[in-house]
Amino acid sequence: MKFKIAGPSAKKYFEKLLPNQKFGSYWIRDKKNFIINIYALMNQLSSFEKSYKKLKLNYPKNIKPELMSTAPSVLSFLQYLISEKKAKKILEIGTFLGVSAMFFAKEVGKKGSVVTIEKGEQFSKISKSNFILNKIKNIKLINDDAINALKKIKLNKFDFIFVDGSKINYLQIFKILEKKVSNKCTICFDDALYHGDIFNRKTITHHGEGVKKLQNYLKKDKKWNKILVPISNGILLLNKKSKN
Ligand SMILES: C[S@@+](CC[C@H](N)C(=O)[O-])C[C@H]1O[C@@H](n2cnc3c(N)ncnc32)[C@H](O)[C@@H]1O
5 MKFKIAGPSA
15 KKYFEKLLPN
25 QKFGSYWIRD
35 KKNFIINIYA
45 LMNQLSSFEK
55 SYKKLKLNYP
65 KNIKPELMST
75 APSVLSFLQY
85 LISEKKAKKI
95 LEIGTFLGVS
105 AMFFAKEVGK
115 KGSVVTIEKG
125 EQFSKISKSN
135 FILNKIKNIK
145 LINDDAINAL
155 KKIKLNKFDF
165 IFVDGSKINY
175 LQIFKILEKK
185 VSNKCTICFD
195 DALYHGDIFN
205 RKTITHHGEG
215 VKKLQNYLKK
225 DKKWNKILVP
235 ISNGILLLNK
245 KSKN
């Protein structure tokens, strides 16, 4: 009997990586709007834009929230992960206007808490005002450089750590975290693709260089589970391998 495949086939696994490759988009007629349609469907299912729009935000005139805030689709994915893990204590590096911190704070609820570290004084003040504006009380903001602050914080109490500050320090930050976090902690590095710069033989930006240094270090590591999720600008998720 001849076996007939109902859809397209792929010759290599990389051809199945993203939905807009031939394998995942074979039957769609409106190819131009495929990504927009995926986004709309994700949003209809998770309502992340509605949650985002509910937040009241103070921000400086010359800086729009979209500039540096993590995309709502990513925050929604992380909220799902946090709820799946039943995480209660979250640490964030890089607060900006406080959007991601507020998403996390809402997810962990009153019994949980978020500590967020922001180097810039202006962003520290604005994000604090945003926490008040949105009546969110379970966020503690530390106005300091991440490396300084990390040396003073008890790191083994956190269930989830979101690293989104300066990408230049990513490796230095990971080297601090890897020694001190608990076995149950999940670490997430944002901007893990850094707008494609990491694929340049010689990176164009210092941030791209920082992200690449972390990834080169992690390629040799055997102690952590690692998964790079190609959503938005890429997120890299890690947890410690169990020893059994
Ligand atoms: C991409 S933004 C964070 C966005 C935020 N997590 C969100 O999604 O709403 C990065 C922030 O990290 C801060 N930052 C940069 N270097 C830092 C450092 N060494 N220590 C602490 N914060 C830093 C910047 O001032 C900026 O506000």
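For what it's worth, this note's numbering labels the leading residue of the sequence shown as 5, then goes sequentially.
Backbone N, C-alpha and C fix where the C-beta goes; we use that ideal spot for every residue, glycine too.
The structure displayed is predicted, hence computed values, not measured ones.
{"Asked": "DSSP three-state assignment for Leu71, whether helix, strand or coil", "Found": "helix"}
{"Asked": "Close Cβ partners of Tyr43 (< 8 Å) along its chain, the five nearest in sequence each way excluded", "Found": "Ser77"}
{"Asked": "Assigned secondary structure, Asn62 (DSSP; H/G/I helix, E/B strand, else coil)", "Found": "coil"}
{"Asked": "Residue interval of the beta strand (DSSP E) (run including Ser117)", "Found": "117–122"}
{"Asked": "Beta-carbon spacing of Pro69, Leu101 below 7 Å", "Found": "yes"}
{"Asked": "Boundaries of the beta strand (DSSP E) in which Lys244 is found, first to last residue", "Found": "239–244"}
{"Asked": "Top-ranked residue by Cα proximity to Lys244, from Ser87, Lys89, Thr190, Ile235", "Found": "Thr190"}
{"Asked": "Beta-carbon proximity list for Phe162, same chain, < 7 Å, skipping 5 on both sides", "Found": "Lys93, Ile94, Leu95, Val185, Cys189"}
{"Asked": "Sequence ranges, alpha helix (DSSP H) only - wholly within the stretch 169–244, length at least 4", "Found": "174–184, 210–224"}
{"Asked": "Ile32 to Glu122 span [Cα, whole Å]", "Found": "44 Å"}
{"Asked": "Where Leu22 sits in the DSSP three-state scheme", "Found": "coil"}
{"Asked": "Option nearest Ile67 by Cα separation, candidates Phe127, Lys60, Lys156", "Found": "Phe127"}
{"Asked": "Cβ-Cβ separation, Ile97 to Gly212 (assumed contact under 8 Å), whole Å", "Found": "The pair is not a contact, with the Cβ atoms about 18 Å apart (cut-off 8 Å)."}
{"Asked": "Local Cβ density within 10 Å of Leu21, reported as buried at 16 or more and exposed below that", "Found": "exposed"}
{"Asked": "Residues that DSSP places opposite Leu145 in a beta bridge", "Found": "Thr120"}
{"Asked": "For Leu101, the three-state DSSP class (helix, strand or coil)", "Found": "coil"}
{"Asked": "Validate contact between the stretch 78–86 and the stretch 228–242 using beta carbons, cut 8 Å, 3 pairs", "Found": "yes"}
{"Asked": "Assigned secondary structure, Phe135 (DSSP; H/G/I helix, E/B strand, else coil)", "Found": "helix"}
{"Asked": "Neighbour-count burial assignment, Phe164, 16 or more Cβ in a 10 Å radius", "Found": "buried"}
{"Asked": "Ile39: first and last residue of the uninterrupted alpha helix (DSSP H) it sits in", "Found": "38–50"}
{"Asked": "Distance cut-off 6 Å: Met72 Cβ against heavy atoms of ligand 1", "Found": "yes"}
{"Asked": "Touch test, the stretch 49–61 against the stretch 205–223, Cβ-Cβ under 8 Å, three pairs minimum", "Found": "no"}
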